[in-house]
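Going by the numbering used here, the sequence shown opens with residue 303, and the numbers climb by one from there.
Heads up, the beta-carbon is just placed ideally off N, CA and C, and yes, glycines get one too.
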Amino acid sequence: MNLAPSAIPDIVFVPAGEIIFRQGADGDCGYLIEDGVVEIIVEGDVPRSVGFRSQGELIGEMAIVHGGKRFATIVAQTDCRLMHISAERILRCLDGADPILRMVVDTLLERLRAMLHDRFDGSTSLGPDIAARQSIILQAVEQIRRERDFRHALERGEVTLHFQPIVALADGAVVGFEGLARWRHPERGMISPGEFIPLAEASGMIGVLTRHCMEQAVKALHFLDDGDDGGSRPPLFVNVNVSSHDLVDPAFADYLVAFVERWPIARGRLKIEITESALMSDPEQALSTLRLCRTIGIGVAIDDFGTGYSSLSYLHRLPIDVLKIDQSFIRGMAADVHSAKIVRTILRLAEEIGVPVVSEGLEVPAEVLALTRMGCALGQGYHFARPMTLEDAGVFVTTWPAMAVAEPLVA
Ligand code: C2E
Ligand code: CA
Ligand code: CA
């Protein structure tokens, strides 16, 4: 039967007795058997059966990854329903995959191909060329090197939290800080979290990093308390960013319990920030971790709010303390009405569920003014201050002229 690529639907029906594909034919897809049984036949002077595959098994898998010739003929033994998986689809996944995973998949396939090539007198292709393979290996080596560097950086204390103030928009008072990780590399200088967080997540080091940040946040709370001005201002809070990987890791929940036993902190003074998309990756586990946070007195801020797809009914179920509006909406407000509408909707939504909102990325007075007028309680951004070292944060809280920020707002 002729399964021309353009005519291939997602599901292919093949009647009993028909050939699904023939040995030596060009292949650019595999099939997952949804229903039925197929026989694998290796052609030669005397064709021989080398096995059967049935429901839930994959056939034509070699072509999925590298294309090339089919190395066996597959015949439907019963009426079959097959799900078509194109090589292009898999290659797209592999292109975006972790370089180490790509190297492993590529190496395994290469060995299998070499084996089949010998066995079938060169009738199977040898896969991608040497230059392409070398590039895959180089990327993997680079990834391994960067992961090792990051592990050492954590051990050597090169990764620390910097602190960016969060300000009450009504009077400009500093109410807390967000802790943002920084890697001070001995040769490369300051490396941004945008670079090393994905590295930490891919290498399984994110849990260690998060724990490190939580502990630094507690130290920061104590440090900022020490510089307190005799109790005239309410205690500050510190927020720590937590990755989606932490949220779905049951060991992280155990860690949180042990954490508050070891460092008792007043309710709400430490919050975790989690993105909306992190919540959606495993909503039930996320909910259970957030409920635990509520029980043990750790607050929860939903970060980058507006960029995900949480429904109102889902938000209602979550024990949330703060919503943080993603800075892209703040940035967009001046240029398009759409962003302003989203900001208004988020503010209404937050009011509905009874939580305050932090506007992120406030850079200019006009943004501060607009958000204040819209009734947003809290703000964060370069307009107030960039993330700074703990020592600088200590100085900041004592020297920050709160009303100087509020004054232009009423002008
Ligand atoms: P985020 O949690 O949304 O953090 C806010 C980011 O916006 C920070 O970038 C901050 O420096 C930046 N920012 C603050 N105010 C302004 C402003 O007015 N304008 C602009 N353009 N940017 C502003 P940063 O520190 O580079 O962090 C980037 C992201 O990396 C964070 O986004 C967060 O998702 C992640 N991250 C940072 N530290 C940690 C950490 O300790 N753990 C985890 N899991 N993720 C972290
Ligand atoms: Ca954050
Ligand atoms: Ca954010």
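Closer than 8 Å: residue i CB and nearest ligand 3 heavy atom
i: ASP623; result: no
i: GLU575; result: yes
i: GLN629; result: yes
i: ASP606; result: yes
Limits of the unbroken beta strand (DSSP E) element including residue i
i: HIS685; result: Careful: HIS685 lies outside any beta strand (DSSP E) and carries neither H nor E.
i: MET385; result: 382-388
i: GLU480; result: 476-487
i: ALA378; result: 375-378
i: ALA470; result: 461-470
i: GLY353; result: 350-356
i: LEU664; result: Unbroken run through LEU664: none, as it is neither H nor E.
i: GLY332; result: 331-337
i: ILE313; result: 313-316
Status (buried if at least 16 other CB within 10 Å, exposed otherwise) for residue i
i: ALA480; result: The question names Ala, but residue 480 in the sequence shown is Glu. Looking at its Cβ environment, which holds 16 or more other Cβ atoms inside 10 Å, GLU480 is buried.
i: LYS643; result: exposed
i: LEU526; result: buried
i: VAL712; result: Bear in mind that the predicted position of VAL712 carries a pLDDT of just 39, short of 50, making it too unreliable to give a figure here.
i: ASN304; result: Its pLDDT being 46, under 50, ASN304 is placed unreliably in this model, and the coordinates cannot settle the point.
i: ALA365; result: buried
i: ASP450; result: According to the sequence shown, residue 450 is Arg rather than Asp. By the 10 Å Cβ count, ARG450 comes out exposed.
i: SER545; result: buried
i: ASP548; result: buried
i: ALA522; result: buried
i: TYR333; result: buried
i: LEU403; result: exposed
i: GLY474; result: buried
i: ALA472; result: exposed
i: LEU410; result: exposed
i: GLN325; result: buried
i: ASP431; result: exposed
i: GLU575; result: buried
i: ILE493; result: buried
i: GLY496; result: exposed
Through-space distance from residue j to residue i, alpha-carbon basis
i: THR380; j: ALA374; result: 18 Å
i: ILE310; j: ASP400; result: In this prediction, ILE310 scores a pLDDT of 49, lower than 50, which makes its location untrustworthy; the coordinate-derived value is nonetheless stated afterwards. Taking the straight line from one Cα to the other gives about 30 Å.
i: THR701; j: ARG646; result: 33 Å
i: GLU693; j: GLY459; result: 16 Å
i: GLN466; j: ASN543; result: 12 Å
i: CYS382; j: GLU359; result: 12 Å
i: ARG569; j: GLU517; result: 16 Å
i: LEU620; j: ARG593; result: 8 Å
i: ILE622; j: GLY601; result: 7 Å
i: VAL510; j: LEU463; result: 14 Å
i: PHE498; j: LEU396; result: 21 Å
i: VAL477; j: ALA672; result: 20 Å
i: GLY608; j: LEU572; result: 23 Å
i: VAL520; j: HIS514; result: 10 Å
i: PRO689; j: PHE554; result: 26 Å
i: THR591; j: ILE321; result: 52 Å
i: ARG350; j: LEU589; result: 55 Å
i: PRO317; j: ALA378; result: 7 Å
i: GLY610; j: ALA652; result: 15 Å
i: ASN541; j: PHE315; result: 55 Å
i: ALA637; j: PHE631; result: 10 Å
i: PRO537; j: ILE648; result: 27 Å
i: SER597; j: PRO488; result: Note that residue 597 is Thr in the sequence shown here, rather than Ser. C-alpha separation (whole angstroms): 41 Å.
Residue i beta carbon near ligand 1 (any heavy atom closer than 8 Å)
i: LEU664; result: yes
i: ARG688; result: yes
i: GLU480; result: yes
i: GLN357; result: no
i: GLY683; result: yes
i: PRO495; result: yes
i: ALA483; result: yes
i: VAL542; result: yes
i: THR512; result: yes
Extent of the continuous alpha helix (DSSP H) to which residue i belongs
i: GLU503; result: 495-504
i: VAL699; result: 692-701
i: ASP605; result: Counting along the chain, ASP605 falls outside any alpha helix (DSSP H), though it belongs to the beta strand (DSSP E) covering 601-607.
i: PRO667; result: 667-675
i: ARG564; result: 552-564
i: VAL718; result: The requested residue 718 is not part of the displayed model; the chain covers only 303 to 713.
i: ASP598; result: First, the residue type needs correcting, since residue 598 is Ile and not Asp in the sequence shown. ILE598 -> alpha helix (DSSP H) spans 585-598.
i: VAL443; result: 432-457
Inter-residue CB distance, residue i and residue j (contact presumed, cutoff 8 Å)
i: ASP312; j: MET405; result: Not quite, the Cβ-Cβ distance comes to about 30 Å (not below 8 Å), so this is no contact.
i: ILE361; j: VAL340; result: 6 Å
i: ALA660; j: LYS626; result: Reading the sequence as shown, one finds Val at residue 660 and not Ala. Sure, about 4 Å apart at Cβ, within 8 Å.
i: ASP551; j: GLU578; result: Wrong, their Cβ atoms sit about 19 Å apart, outside the cutoff.
i: VAL469; j: LEU680; result: 7 Å
i: ARG633; j: GLY677; result: Wrong, their Cβ atoms sit about 20 Å apart, outside the cutoff.
Residue i beta carbon near ligand 2 (any heavy atom closer than 8 Å)
i: LYS626; result: yes
i: GLU669; result: no
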